[in-house]
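Q:
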Amino acid sequence: DGGITQSPKYLFRKEGQNVTLSCEQNLNHDAMYWYRQDPGQGLRLIYYSQIVNDFQKGDIAEGYSVSREKKESFPLTVTSAQKNPTAFYLCASSERGQYSNQPQHFGDGTRLSIL
Amino acid sequence: ILNVEQSPQSLHVQEGDSTNFTCSFPSSNFYALHWYRWETAKSPEALFVMTLNGDEKKKGRISATLNTKEGYSYLYIKGSQPEDSATYLCAFRGSTLGRLYFGRGTQLTVWP
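Keeping their order, the protein sequence lines are chains E and Z. Note that the numbering used here gives residue 87 to position 87 of the first sequence, counting from 1, and the numbers run on in steps of one. To convert, take the position in the second sequence, counting from 1, and add 1000; that gives the numbering used here.
(1) Is any beta-carbon of chain Z found at less than 8 Å from that of proline 103 of chain E?
(2) Kindly indicate which three-state DSSP category glutamate 1070 of chain Z falls into: helix, strand or coil?
(3) Which runs of the alpha helix (DSSP H) fall wholly inside the stretch 1027–1079 of chain Z and span at least 4 residues, in chain order?
(4) Using only the alpha-carbon positions, how far apart do serine 80 of chain E and glutamine 6 of chain E sit?
(5) Taking beta-carbon pairs under 9 Å, can you tell me which members of the stretch 48–73 of chain E lie near chain Z?
(6) Using CA coordinates, which residue listed in E/Ile46, E/Gln17, E/Gly16 is at the minimum distance from glycine 1101 of chain Z?
(7) Please compile the residues from chain Z whose C-beta is within a distance smaller than 7 Å of the C-beta of glycine 107 of chain E.
(8) Please check the pair leucine 27 of chain E and tyrosine 35 of chain E, which I expect to be a contact at CB under 8 Å, by giving their CB distance rounded to whole angstroms.
(9) Between which two residues does the beta strand (DSSP E) containing serine 113 of chain E stretch?
(10) Strictly below 7 Å CB to CB, what residues from chain E border serine 1051 of chain Z?
(11) Quick check on leucine 43 of chain E - is its C-beta less than 8 Å from some C-beta in chain Z?
(12) Run the CB neighbour count on threonine 20 of chain E, radius 10 Å, all protein chains shown included, and call it buried at 16 or more, exposed below.
(13) Taking the alpha carbon of serine 65 of chain E as the reference point, which residue from E/Pro85, E/Glu72, E/Lys71 has its own alpha carbon closest?
(14) By Cβ distance, which residues of its chain are closer than 7 Å to lysine 57 of chain E, with the 5 residues on each side in sequence left out?
(15) Going by the CB atoms, is the gap between phenylalanine 88 of chain E and arginine 68 of chain E shorter than 8 Å?
(16) Tell me the DSSP secondary structure of glutamate 24 of chain E in three-state form.
(17) Take the Cβ of asparagine 1044 of chain Z as the centre, count every other Cβ of all protein chains shown within 10 Å, and call the residue buried at 16 or more, exposed below.
(18) At the 8 Å Cβ level, is alanine 87 of chain E part of the contact set with chain Z, yes or no?
(19) If I follow the unbroken beta strand (DSSP E) through asparagine 1020 of chain Z, where does it start and stop?
(20) To the nearest angstrom, how far is the alpha carbon of glutamine 37 of chain E from that of glycine 1079 of chain Z?
(21) List the residues of chain Z that alanine 31 of chain E touches, going by C-beta distances under 8 Å, in chain order.
The structure is reproduced here in structure tokens:
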């Protein structure tokens, strides 16, 4: 079955520690996205990538980093510079990001908590 | 940051009631308007992608309309069922960037 796999489902971070959230897709989509959801808020865009080896900052990129070395993978690192990392993180993908009217497909999410 | 507003924030209806909610977005540089349904413990699922002014789309008991000139879209659910309980998200896509701007969602609860 084609889809998006996020791992782990739950993640705990100690103060001052970097953690990496995994996102893999086998939909052959060019574009991938990372969103953060907090209670009472909509989905806020952290980073997005429309093609391999290229990515752009979203609205809340500070304290996060990404890489896009392979089409299938778009890992998100939450660095120690992110002061309030506790949230639910969703990864998504879509076909041909910049010129496409195709919908985004979402993973099941990772819930990150601070110990 | 571009503003996408959804109303109401939450809605409680009885099974069999019809309901509708609103998404407001900028009327300039429009490219597309997306609707998603997000059920608890599942991932968001696309309902509609709407691109043309006056567009109407339907999927079973759910339909949506689009007015790009005034910057709003309505989502209608006819004869709500408990399985329609979810958060409904709309997202605006402008003509210059390949990204979506999401509203905060309308949380629908349908009581049996």
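Just so it is clear, CB atoms sit at the ideal spot from N, CA and C, and this is done for glycine as well.
A: Checking against the coordinates, here is how it stands:
(1) At a cut-off of 8 Å between beta carbons, proline 103 of chain E contacts chain Z.
(2) coil
(3) none
(4) Using only the alpha carbons, I get a separation of about 21 Å.
(5) Within the stretch 48–73 of chain E, the qualifying residues are Tyr48, Gln50, Gln56, Gly58, Asp59.
(6) Before going on, a small fix: residue 1101 of chain Z reads as tyrosine here, not glycine. Nearest C-alpha to tyrosine 1101 of chain Z: E/Ile46.
(7) For glycine 107 of chain E, the chain Z residues whose Cβ falls inside 7 Å of its Cβ are Ser1043, in order along the chain.
(8) Wrong, their Cβ atoms sit about 17 Å apart, outside the cutoff.
(9) Where serine 113 of chain E is concerned, the enclosing beta strand (DSSP E) stretches over 110–114.
(10) Sequence inspection shows threonine at residue 1051 of chain Z; the serine mentioned does not correspond to that position. Result: Asn101.
(11) Cβ-Cβ to chain Z under 8 Å: yes for leucine 43 of chain E.
(12) exposed
(13) E/Pro85
(14) Tyr47
(15) No, they are not a contact pair.
(16) strand
(17) For clarity, residue 1044 of chain Z is proline in the given sequence; the question names asparagine instead. By the neighbour-count rule (16 or more Cβ atoms within 10 Å), proline 1044 of chain Z is buried.
(18) By this cut-off, alanine 87 of chain E is not an interface position.
(19) 1019–1024 is the extent of the beta strand (DSSP E) around asparagine 1020 of chain Z.
(20) 30 Å
(21) Those are Gly1098, listed as they occur along chain Z.
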